Each structure stands twice: as structure tokens, then as C-alpha cells.
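Enquirer:
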Amino acid sequence: MVFSSLAERLQETFKKLRNKGSLKEADVSEALREVRVALLEADVNFKVVKDFVNKVKEKAIGQDILSSLTPAQQVIKIVHQELMDLMGGEYSKINLAPKPPTVIMMVGLHGAGKTTTSAKLANFLRKQGRRPLLVAGDIHRPAAIKQLQVLGEQLDIPVFTMGDKQAPAVIARAAIENASNSGRDLVIIDTAGRLHIDEELMDELEAVKSEVKPNEILLVVDAMTGQDAVNVAEVFNRRMQLNGVIMTKLDGDTRGGAALSVKAVTGCPIKFAGIGEKLDALETFHPDRMADRILG
Ligand code: GDP
């Protein structure tokens with residue numbers, strides 16, 4: 002599970018710190034050196050690590066906590082707070098349209114889990130009372146249209162498709178009209194992916210964006226690709242102004258470097274986490290719970 006190796010390392014560091022009782026500045030520095038190495042080994046962006054350690058150090062040494070009765074506890078509390086902040090602090094909700102339907106556009110590279118996550122998100126939001134319509138907007142891979150239809154059938158959620166002959170922007174526009182006419186208050190548009198970011202893909206996605214003006218553009222990235230996921234998020238965000246990230250495959254990622262870096266590097270919060278292949282394996286991303294998981 003995500004953060005398992007980082008959690009083990011940090012818990013060990015803080016156990017040593019707690020066992021010391023009273024602390025000197027050098028003890029804190031030593032612990033923070035270990036935190037730094039643990040974060041780097043977890044594949045957190047090096048600049049993020051540097052800023053993180055500096056912030057903790059400033060607070061731990063600046064706030065007179067070393068003379069408190071439970072200095073180690075205070076240091077851990079600061080680390081907890083900073084880990085939370087790193088991941089966005091509060092959990093980030095999705096923007097609902099003041100007037101339905103809410104339109105969510107899913108973007109991302111091939112294999113990140115975009116199609117599966119579109120279905121998972123529809124399922125998740127249906128449980129909260131929404132009436133979703135899934136839209137097959139990847140016209141480049143006929144298999145993607147079929148895949149979405151199969152997932153829709155499994156979930157009993159309608160899938161809007163116009164085959165692969167119309168432009169995705171046209172399909173998206175028609176889907177929204179279809180949703181309005183059939184009482185659907187949520188439209189989730191699956192879009193094309195590529196193995197790598199290219200101009201043609203970005204142009205196509207921008208065309209969809211300007212045609213339907215989505216309430217949310219969510220980037221799906223694979224946590225297991227580590228800092229590559231963060232780089233992808235940076236590029237997509239620059240072009241598309243993302244509202245958030247959905248980080249998939251956290252179940253298979255023991256390091257968690259992408260999850261810890263993406264908000265700090267791009268400014269985009271992680272809104273959901275994929276934690277398995279099943280269609281109910283999606284959860285809202287809670288920075289506080291993630292920080293709890295890391296610190297035990
Ligand atoms: P797309 O090309 O981005 O549309 O990717 P797909 O939706 O086809 O997903 C690619 C693979 O990743 C599929 O085998 C999915 O079952 C798998 N997948 C997606 N999300 C998760 C996740 O959160 N955990 C795990 N373990 N697998 C996932």
C-alpha cells in the first residue's frame with residue numbers, strides 16, 4: 002500500500018527521537034536528515050523535500066519546542082501538519098455546476114487508468130445521488146469506446162457514444178444536450194490518451210474544453226510512474242488549467258513520491274485516489290488521513 006516504506010522509515014526515526022526524552026537542536030537536525038533521505042527514497046521531488054525539511058526545521062527550532070515537556074511529540078506534530086499541507090491541506094471537493102449538468106472532463110496519458118477511472122467516478126458520484134452519463138470521447142481507439150460501454154453496462158450507467166467519426170468536441174456537445182434531455186445531472190467525458198504528450202492530443206483536448214467549458218478538468222495519472230506523473234501533471238496543467246488530479250494505482254505504489262509531490266509542484270490538488278482495479282476502488286483523497294498513514 003502507498004507510503005508503506007516511507008511510513009516504516011519515518012516511524013523508526015521518530016521512535017528514536019521519542020526515546021531520547023529531552024532534545025537538543027542536533028537531535029532534531031539528525032532526525033530531519035533521516036526524514037530527508039526517507040523522502041528522497043520515496044521518490045519525492047528533491048526541491049519539495051528541501052522546502053519541506055527547511056519548513057519543519059524552522060518551526061521545530063524556532064518555536065521553543067525543545068524546552069517543552071514533549072519535544073519529540075511536538076516535532077512529529079509539525080511534520081504531520083507539513084505533510085498535510087504538502088498534499089493540499091484540506092480535501093478538495095469537485096465543483097458542481099450551479100445549473101446542471103455538471104461536466105467533468107477526464108484527461109491523461111494512455112494506460113494511466115482514465116477510462117476505468119471515468120467509470121469509477123460515475124459510480125462514486127452516483128452513490129452521492131448524482132445521475133451520471135458517461136461519454137466515449139476517445140475516437141482514436143475503438144477499443145476504448147467498447148471498454149467504456151462494457152464498464153457502463155456493469156454499473157448500469159448509460160454511455161453516450163457517436164462512434165469514431167465525429168470530433169470529440171462535437172461528441173461532448175451532443176452528450177451534454179443528451180444529458181439535459183434525459184434528466185442526467187452529471188456528464189463525465191472520457192478523452193483520448195497517448196503514450197506521450199503531443200501537440201495533436203493537446204489541441205484535441207483544448208477543442209473539447211473550449212466547446213463545453215467543463216466544471217472540472219481532472220487529470221488521471223499513475224502513481225507508480227513516480228516523478229513522471231508529476232511532470233505529466235505540470236505539462237497538462239500548463240495547457241489545460243486542471244482543477245485536480247486523480248492518482249491511480251496507489252494500491253501498487255509503496256513509495257508515494259508522486260502523491261507527495263504533485264500538489265507542491267503543480268498547485269493542483271489530488272481529489273481522488275484509485276486503490277484497485279475494481280469499480281468501487283476509488284476514494285476521496287484526504288491529506289490528513291494520508292499524513293496519519295505515514296506517521297502511524
Ligand atoms: P486508460 O488507457 O488511461 O484509459 O487506462 P485504463 O482505464 O484502460 O486502465 C489501464 C489499467 O490500469 C487497467 O488494467 C485498469 O484496471 C488499471 N487500473 C486503473 N486504475 C487502477 C488502480 O487504481 N489500481 C490498480 N491496481 N489498477 C488500476
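Numbering-wise, the sequence shown is residues 2 to 297 according to the numbering used here. C-beta atoms are modelled at their ideal positions from N, C-alpha and C, and glycine is treated no differently. Values in this document were obtained by computation on a predicted structure and should not be read as measured data.
Which full runs of the alpha helix (DSSP H) of 4+ residues lie inside the region 225–260, going along the chain?
Expert: Runs found: 228–241.
Enquirer: Spatial neighbours of Gly-298 within its chain, please: C-beta separation below 7 Å, excluding the five flanking residues on both sides.
Expert: What is shown of the chain runs 2 to 297, which leaves residue 298 out entirely.
Enquirer: Given that a residue counts as buried once 16 or more other Cβ atoms are within 10 Å of its Cβ, and exposed if not, what is Lys-264?
Expert: Buried is the call here.
Enquirer: Apart from the five residues on each side of it in sequence, which residues of its chain come closer than 7 Å, Cβ to Cβ, to Ile-77?
Expert: Correct list, in chain order: Phe-15, Leu-296.
Enquirer: If you measure from the CB of His-111, is any heavy atom of ligand 1 nearer than 6 Å?
Expert: For ligand 1, at least one heavy atom lies less than 6 Å from the Cβ of His-111.
Enquirer: Please list the terminal residues of the continuous alpha helix (DSSP H) segment that includes Glu-9.
Expert: Looking at the DSSP string, the run of the alpha helix (DSSP H) that includes Glu-9 is 5–20.
Enquirer: On the CB-based measure, 16 or more other CB atoms within 10 Å of its CB, does Asn-124 come out buried or exposed?
Expert: Asn-124 should be labelled buried.
Enquirer: Checking 7 Å against the spacing of the C-beta atoms, do Met-291 and Met-88 come in under that value?
Expert: It is a contact, given that the beta carbons lie within the stated cut-off.
Enquirer: Count the other C-beta atoms from every protein chain shown that fall within 10 angstroms of the C-beta of Ser-68, then say buried if there are 16 or more, exposed otherwise.
Expert: Exposed: under 16 other Cβ atoms inside 10 Å.
Enquirer: Please state the DSSP three-state secondary structure of Phe-161.
Expert: Note: Phe-161 maps to strand in three-state DSSP.
Enquirer: Answer yes if the region 94–102 comes into contact with the region 51–61, meaning at least three C-beta pairs across the two stretches below 8 Å, and no otherwise.
Expert: In short, these stretches do not touch, since the Cβ pair count stays below three.
Enquirer: Where Glu-35 and Leu-7 are concerned, what is the direct C-alpha to C-alpha distance, given to the nearest angstrom?
Expert: One C-alpha to the other measures close to 11 Å.
Enquirer: Can you give me the start and stop residues for the beta strand (DSSP E) that Asp-137 sits inside?
Expert: One detail in the question is off: residue 137 reads as Ala in this sequence, not Asp. Run containing Ala-137: 133–138, per the beta strand (DSSP E) assignment.
Enquirer: Taking the beta carbon of Ser-119 as the centre, do at least 16 other beta carbons fall within 10 Å, making it buried, or is it exposed?
Expert: Under this definition Ser-119 is a buried residue.
Enquirer: By Cβ distance below 6 Å, which residues in the same chain neighbour Ala-193 in space, the five residues on each side in sequence not counted?
Expert: Cβ within range, chain order: Asp-139, His-141.
Enquirer: Since Ile-105 contacts Pro-215 with CB under 8 Å, what's their CB separation in whole angstroms?
Expert: Rounded, the Cβ-Cβ distance is 6 Å, consistent with contact.
Enquirer: My parser needs the beta strand (DSSP E) runs of 3 or more residues fully inside the region 30–117; what are they?
Expert: Complete beta strand (DSSP E) runs here, min 3: 103–109.
Enquirer: Does Arg-239 pass the burial test, meaning 16 or more other C-beta atoms within 10 Å, or should it be called exposed?
Expert: That one is exposed.
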